[in-house]
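Protein chains in written order, with my numbering: chain A, 843 to 1290; chain B, 843 to 1290; chain C, 843 to 1290; chain D, 843 to 1290.
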């Protein structure tokens, strides 16, 4: 039995209150059956290779061994909850860069609180963590189903956002002042670290405020979870831009379509979008360093491609080839390392290379980041956001705190914030994803 | 160890030939590492409740017990393959109704055969199984990368399709005549039964022809696999129609937007699209019978909704409420039971109901099926189709037969055709999906 | 000089007040130059054939003669206006069926009133003319720039609409009660007749209320003006459906894609959308009766097409072939003649025809009307609506009444309501439009 | 009568051959009536102000006087044609930058030649004028309806393009060698000058080769004609990017969305797209110089806007504010003046300005040019391209040469190439278009 024990989730206390969902929302005969039982778990890893005693696969495969078993508590409504719904005062904040689905998540939290639990006091904090800090002078918005009506069709965040942390004690002061006892934080890695600092301060003060996160990163680089919301919408938009690059490259002799896509540390968007188009000839990602010059280098491979087909399409993630640039050491407001611009760097290198050998080409360079991230969520992501928002509400009502909701092998679970903070999921170079990219592009660049 | 044994896949014989992918396609130092090892498996079920000894959860939950463990062989390229690539003559056929991604799968198979294995003889059979039958007089098309160029941007199937089976011996005659030793069959449940009949006839004749399926159903009702290709594209299109219905319903006093969506036996499209919009007020699916008349019946609930909000949106799967119709017993060419038209039936019932009580409404009825299924695949589905097509090729090259490729908890696997034939995945009324539909709609219809 | 005299527009009185636009909105050196002069006109007809003295062209052409000259007053801001902006109380109402751009027009009127003239009291009447009638109990909405924010991205009408007239005296009572002195009416032919009745009642009572119309008809059948707003958006959506029909028709042997498009009396959508796709094989419109049966009839021509190409696409306007149906005599709430359903009629006739001769076909029938009309306006229509709304405001401020704004040969003008009421623009069978349809389809149906 | 004489179009000789369209394509009773008569004309200017004797409007309006009358020959099929269709060998070439609709025009020419006149020899030259020059070694493609099937759904040009002229005698050598007697040239201003050089060389050699142009410029800056094909599609795409900019600007405190749009010399795309969104706050175009610094300068106005609303959206045409840059003197391959990058320039200036006054903002800069121009045509542009291509064919068959087809006040006409060469249509600062931009943005920048 022990092997099924889920990863420990912090709670504010025992759940003793009957969920109002029993009587209000559904009218099945056996209403209890809509609830998730307290023991149900999902398994985080499900690919196995039954290796020999030394833990080695004869074929040197990459599948996990049994010891990797890890379980997470399933998300969903509980029969018994921690908070008295009539006393809940909830807050919602969106932080960091834009991502499709932000408004869907906010709307879903509002609808989940109101429709399932009858919660009426829901505050929207403006412009990220700035919204908790009096100095900035931002308003607090009351959120109701009417206010969030239609938000699922609007890109970006209607609450506004900002980058960077604020002082935990100032933020918790604000929560206390508004008597908020349930805070929903939507943001990326830095934001979740900020949320943990809030939760910590809350605990130090002996307060009972649930802090639940919905992780947001358009790069899809959160560990453990299958996929972050907005990622598929972004891939779809990126695919459309790659199609434009393909059209441009074919429209002129030796045309080169060069598209810089998001992906600071992880090349998921570039890989997925390139597979979706499958007319991309080179995919360059942070995880796979590559040689630029010389036989078998990228420029040489590009030259060969042009000689063979008269056009080429390149998808490069913004974090690729950073070793090739003199990496700048500055960091931005969120504490992220500033990246040198690999897109413009490659554009220059390509132009130089072909000018030197007097080979006429035309590079069409596209940097569509803002266009990709500011559109409304597609249906898949809207559905996913709706689920995440509702399950975040259920988790908070059941007193869970310092945790996030996320899909793990197709099931939404509760995951301790500490499990994802400070980590980044990367494209596994031995995974089917990268293998398919290699099969699709046939790229013969020498990787190092 | 035994517990990791995957479900048995039929093979044509031992794999003794070195894969050409080792030397041709990639230039990693350790090329072997792109291959999938022969023992790797994925687990089909990953939600568990550690019940008591009697196998009962105190909270009557729906999660599986340990005994449900089942493993499937991972898909992907093998280091040793069965067929000598230079002797492969492949055939591809698409059957049944249209579905986004059909052309993507065909194109991916062509590219996978050509680019990874150098296969040059690839036949496209026209108009489904009819293409194997001389009487119909359809051409056979030679497929090359040039021929399938751009197919990923075209809806439907460029090969054409048809419904219904043809005689296995006639079809195998055709395969023999063209010396085809590898057949890729893309189609639904009926098609897979046809493919099994072909595989059976092939075996009876002692031939060595690999028959590999890629299951296609826009309803997403194939058991075992996570999701069928094209499903998300269809959901996205259905969501857009639901948005139109919402706009129409709000444009007139007591406007009712009534949308019939695909789903003969399974309401997945209706559920997912309704969650993506989350302005839908009633979702009616085949899995959940409902009461039409009387207190708490659908019409009464609709009436209450209109009194409260002056408009309503209804998503009804085509297979819903069949008990309410005098189900016709006819079957169509594919052997599917003919459904009575629940959409028009409801439209009439709604109009009658409100006319009787002299309550002015306006029903806007939409039946967008063809529009939903004939569009090109979105990026997600294109990527999925690209993966499926390539993995189908790898499976066939490795001599697997009478199997399909499909994603099982995020990993593409080999699944015996017999495991999916004649079965249908349904919306589990105790799953998070249906729960979220109930939370989103707040529909208070009495279900029976 | 006399020949330039524009068509007479009714006015409430002399314009004596300085437009606030002089000082507020622009800071050009010569501010007067933003205003339209009082004599400027546009010419309604600009294709001429200099015929012989008898007025006959040797080549029997269709171009107009000089005598058709007709001029309309140009729309735009006037230097002197009739109303004191501080005393304006405006009303806006949308009537009839949905059409892309309705919200854009409303929003533009609100922005035009507020930003150019500082008008603050703007009422939105709900649900068409019903909104003026106390019995219905609909609210009146205050419209501000904040309220209409984002409306350009929403389909349908946020004000709601309804069909059919209401009593003029009841409606003018409502206007008097609210002290509205400027009414903007957005709707079709019936609506404009209603607006004329209001203007008449206003005049009878000696009131000074400007009544300005913005004609709306997705069928593009308003006489005089180039094109109605929303038409191009509808054509674009209809084209997408025709593409689906094309895909469906090619997906099965002898597939027939049959699409019913809007167009009660005028086939503009069918013609334009068919040209945009130019893979449509038959276009049937109300203006051109056709033979169904017999040699050279539609069914025979369709048969020949299928024998030649194995698939066919048909675009049929809803008002086509009404003589072939036993036309029902009912009228709908707007007083429009109820049309028999030519789409279902043709579907049945086609099926019967081919069943009789034992020729297997498959008709895919699509009726996308609601989907075509409830989407948001495309950029062209949004721009057009923005212009119309602003020019409607300028006209009303200058005291014009019982008139509409509309584009005449590329210039927005003032047109008396009486000029368009009760008339319908039709597809001219000798125009380039219909000629191009014949060239594109090559349809060899015998027209009668 | 004389006043109706159209602008003189060059012809190769007298039209003496009966058009095959009489008997083949249509079966009206009076087939002649599909033809355009030889005298029909359209009028180029249709806005008039009946000024006083000195030609001055009291209100200093901008409308034309009567003396501006100018007529153009209507396009369309002629009853008598110049070329014997069986002897026609046609060539098609696309030149210059990409523009939505290029493939539509090519396809329409192919269909028009084949379906209306039975022409079978149609050559597609690859990569613009390079395709005529043997040194480049590009293939010539045979174009048939099958080859161009589906091209209307593909962006860019399937024939390829290039910039810059080639020697006329080399090009005419190529035409002679292939016995081409009809050349269709699709391109911009430089291309039309190249076409005139070809026509000139053809005339000098005494050849009978018709040279007909279809003007292409995404900037919509061709004089005389209403609008160039692809323009509306580009505006629609640009509008979508402006919407993204709006979302980005609202997502962060003092967010600034800065979008550089196409428009070297003319700001039509920026103006139209800004009106379509009508949430744009500043529109900067080449036609209207503006002050950057100081009270009332752009930066000061932007500051005021941010203080008032916390976000701002700017649309800047690439040719705007060139006086503010140190204009570079280089020219590109087409002989166009190289523009300094106003987008990056403004971005830097804005950042500098607000840094200096320590006012935190965030500029989101977008340069979507390739994305805007490489997409397929929308329905309106597809229809327009279909018309242009067919009318270009009719003109060439009737022996017209050194002319273009284009829409003039809603009617497609024949226009001498010399009338448009070397000129550029500009946004008239006293037109309704610019007036509406000022009304919509309320931009209070001091223009100079």
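Heads up, the beta-carbon is just placed ideally off N, CA and C, and yes, glycines get one too.
On the DSSP bridge list, what partners appear for residue 1052 (chain C)?
As a first step, residue 1052 (chain C) must be located in the third chain, where it is residue number 210. Residue 1052 (chain C) pairs with C:1024.
From the DSSP output, which residues share a beta bridge with residue 852 (chain D)?
As a position in the fourth chain, residue 852 (chain D) is number 10, starting the count at 1. In the DSSP output, where bridge partners are listed per residue, residue 852 (chain D) has D:1243.
Using the three-state DSSP reduction, which class does residue 1126 (chain A) fall into: helix, strand or coil?
Along the first chain, one-based indexing puts residue 1126 (chain A) at 284. Of the three classes helix, strand and coil, the one that applies to residue 1126 (chain A) here is strand, per DSSP.
Taking Cβ to Cβ, would you say residue 924 (chain B) is nearer than 7 Å to residue 854 (chain B)?
For the purposes of this step, residue 924 (chain B) is taken as residue 82 along the second chain, with counting starting at 1. For the purposes of this step, residue 854 (chain B) is taken as residue 12 along the second chain, with counting starting at 1. Cβ atoms of residue 924 (chain B) and residue 854 (chain B): closer than 7 Å.
Along the chain, where does the beta strand (DSSP E) containing residue 966 (chain C) start, and where does it finish?
The count along the third chain starts at 1 and reaches residue 966 (chain C) at position 124. Run containing residue 966 (chain C): 963 to 967, per the beta strand (DSSP E) assignment.
Can you list, in chain order, the residues of its chain with a C-beta nearer than 7 Å to that of residue 1259 (chain A)? Leave out the 5 residues immediately preceding and following it.
Taking the first residue of the first chain as position 1, residue 1259 (chain A) is located at position 417. Cβ neighbours of residue 1259 (chain A) beyond the five flanking positions: 1034, 1037, 1038, 1055, 1244, 1245, 1246.
Under 8 Å between beta-carbons, which chain A residues line up against residue 1197 (chain B)? List them in chain order, please.
Here residue 1197 (chain B) is taken as the residue at index 355 of the second chain, counted from 1. None at all; the shortest Cβ gap to chain A is about 28 Å.
Does any residue of chain A bring its CB to less than 7 Å from the CB of residue 1089 (chain D)?
In the fourth chain, the residue the question calls residue 1089 (chain D) occupies position 247. Residue 1089 (chain D) counts as touching chain A.
Taking the runs of the beta strand (DSSP E) that are 3 residues or longer, which of them lie wholly in the segment 1173 to 1223 of chain B?
1204 to 1208
Rounded straight-line distance, which links the Cα of residue 1219 (chain C) to that of residue 1075 (chain C):
Here the question's residue 1075 (chain C) lines up with position 233 in the third chain. Here the question's residue 1219 (chain C) lines up with position 377 in the third chain. Roughly 6 Å separates the two Cα atoms.
To the nearest angstrom, report how far apart residue 916 (chain A) and residue 1261 (chain A) are at their CA atoms.
The residue given as residue 916 (chain A) occupies position 74 in the first chain. The residue given as residue 1261 (chain A) occupies position 419 in the first chain. Taking the straight line from one Cα to the other gives about 16 Å.
Can you tell me which of the three DSSP states residue 1145 (chain A) falls into?
Against the first chain, residue 1145 (chain A) aligns to sequence position 303. DSSP places residue 1145 (chain A) in the helix class (H, G or I) of the three-state scheme.
Of all Cβ atoms in chain C, is any one closer than 7 Å to the Cβ of residue 885 (chain D)?
As a first step, residue 885 (chain D) is located in the fourth chain; it is residue number 43 there, counting from the start. At least one chain C Cβ lies under 7 Å of residue 885 (chain D).
Boundaries of the alpha helix (DSSP H) in which residue 1102 (chain C) is found, first to last residue:
For this step, residue 1102 (chain C) is matched to residue 260 along the third chain. First-last for residue 1102 (chain C): 1097 to 1103, but that is the beta strand (DSSP E), not the alpha helix (DSSP H).
Cβ atoms of residue 1282 (chain D) and residue 1020 (chain D): under 7 Å apart, would you say?
On the fourth chain, position 178 is the one that residue 1020 (chain D) refers to. On the fourth chain, position 440 is the one that residue 1282 (chain D) refers to. No, the Cβ-Cβ distance between residue 1020 (chain D) and residue 1282 (chain D) is not below 7 Å.
When you compare only the Cα positions, how much space is there between residue 1130 (chain B) and residue 926 (chain A)?
To locate residue 1130 (chain B), count along the second chain from 1; it is residue 288. To locate residue 926 (chain A), count along the first chain from 1; it is residue 84. Spanning the two alpha carbons is a distance of roughly 32 Å.
Continuous beta strand (DSSP E) assignments of at least 3 residues falling wholly in the segment 1029 to 1079 of chain D
Taken in chain order, the unbroken stretches of beta strand (DSSP E) that lie wholly in the segment 1029 to 1079 of chain D and span 3 residues or more are 1052 to 1057.
By the criterion of Cβ-Cβ separation under 8 Å, what are the contact partners of residue 918 (chain B) in chain A?
For this step, residue 918 (chain B) is matched to residue 76 along the second chain. Going along chain A in sequence order, the residues near residue 918 (chain B) (Cβ under 8 Å) are 1274, 1277.
Quick one: what's got a C-beta closer than 7 Å to residue 999 (chain C)'s C-beta in the same chain, skipping five residues either side?
Within the third chain, residue 999 (chain C) is the residue found at index 157, counting from 1. Cβ neighbours of residue 999 (chain C) beyond the five flanking positions: 936, 940, 944, 945.
Neighbour list for residue 1231 (chain A) in chain G, Cβ cutoff strictly below 8 Å:
In summary, chain G is missing from the structure at hand, where the protein chains are A, B, C and D.
Does the CB of residue 973 (chain B) have a neighbour CB from chain C at under 7 Å?
Locating residue 973 (chain B) in the second chain gives position 131, counting from the first residue. Not an interface residue.
Amino acids of chain A, ordered along the chain, whose beta-carbon sits closer than 8 Å to that of residue 1224 (chain D):
Here residue 1224 (chain D) refers to the residue found at position 382 when the fourth chain is read from its first residue. Near residue 1224 (chain D) there are no residues of chain A at all, since even the closest Cβ is about 16 Å away, more than 8 Å.
Can you tell which of A:966, A:1085, A:1107, A:1011 has the C-alpha that lies nearest to the C-alpha of residue 1031 (chain A)?
Numbered from its first residue, the first chain carries residue 1031 (chain A) at position 189. Closest by C-alpha distance to residue 1031 (chain A), out of A:966, A:1085, A:1107, A:1011, is A:1107.
Is DSSP giving residue 988 (chain B) helix, strand or coil here?
Here residue 988 (chain B) refers to the residue found at position 146 when the second chain is read from its first residue. In the structure shown, residue 988 (chain B) sits in coil (DSSP, three-state: anything other than H, G, I, E or B).
Hey, how far is the Cα of residue 1299 (chain A) from the Cα of residue 1093 (chain D)?
With chain A running from 843 to 1290 in the structure shown, residue 1299 (chain A) is simply not present.
Would you tell me roughly how many angstroms separate the C-alpha atoms of residue 1187 (chain B) and residue 1249 (chain A), rounded to the nearest one?
For this step, residue 1187 (chain B) is matched to residue 345 along the second chain. For this step, residue 1249 (chain A) is matched to residue 407 along the first chain. Rounded to whole angstroms, residue 1187 (chain B) to residue 1249 (chain A) spans 39 Å at the Cα level.
From the beta carbon of residue 1170 (chain D), is the nearest beta carbon of chain A less than 7 Å away?
For the purposes of this step, residue 1170 (chain D) is taken as residue 328 along the fourth chain, with counting starting at 1. With a pLDDT of 43 at residue 1170 (chain D), under the threshold of 50, the predicted position of this residue should be treated as unreliable, though the coordinate-derived value follows. So no, residue 1170 (chain D) is outside the interface.
Taking the alpha-carbon of residue 985 (chain B) as reference, which of B:977, B:956, B:975 has the nearest alpha-carbon?
In the second chain, the residue the question calls residue 985 (chain B) occupies position 143. Taking residue 985 (chain B) as reference, the option from B:977, B:956, B:975 with the minimal CA-CA separation is B:956.
Whole-angstrom distance between residue 920 (chain D) and residue 1236 (chain D), CA atom to CA atom:
On the fourth chain, residue 1236 (chain D) is found 394 positions in, with the first residue counted as 1. On the fourth chain, residue 920 (chain D) is found 78 positions in, with the first residue counted as 1. About 7 Å.
Can residue 1230 (chain D) and residue 1157 (chain D) be called in contact, C-beta distance under 7 Å?
On the fourth chain, position 388 is the one that residue 1230 (chain D) refers to. On the fourth chain, position 315 is the one that residue 1157 (chain D) refers to. No, they are not a contact pair.
My guess is that residue 952 (chain A) and residue 918 (chain A) are in contact by the Cβ rule of under 8 Å, so how many angstroms apart are they, rounded?
The sequence position of residue 952 (chain A) within the first chain is 110, counting from 1. The sequence position of residue 918 (chain A) within the first chain is 76, counting from 1. With 8 Å as the limit, residue 952 (chain A) and residue 918 (chain A) do not qualify as a contact, their Cβ atoms being about 19 Å apart.
How many whole angstroms separate the CB atoms of residue 1213 (chain B) and residue 1079 (chain B), which I take to be in contact at a CB cut-off of 8 Å?
Working through the second chain from its first residue, we reach residue 1213 (chain B) at position 371. Working through the second chain from its first residue, we reach residue 1079 (chain B) at position 237. The beta carbons of residue 1213 (chain B) and residue 1079 (chain B) sit about 7 Å from each other, so the pair counts as a contact at 8 Å.
Taking residue 1005 (chain B) as part of the beta strand (DSSP E), name the residues at either end of that continuous run.
Counted from its first residue, the second chain places residue 1005 (chain B) at position 163. Unbroken run through residue 1005 (chain B): none, as it is neither H nor E.
Identify whether residue 1092 (chain D) lies in helix, strand or coil by the three-state DSSP scheme.
For the purposes of this step, residue 1092 (chain D) is identified with residue 250 of the fourth chain, where counting begins at 1. Here residue 1092 (chain D) sits in helix by DSSP.
Can you give me the Cβ contacts of residue 1012 (chain C) inside the same chain, cut-off strictly under 6 Å, excluding the 5 residues immediately before and after it?
The residue labelled residue 1012 (chain C) in the question sits at position 170 within the third chain. Only 975 meet the Cβ criterion.
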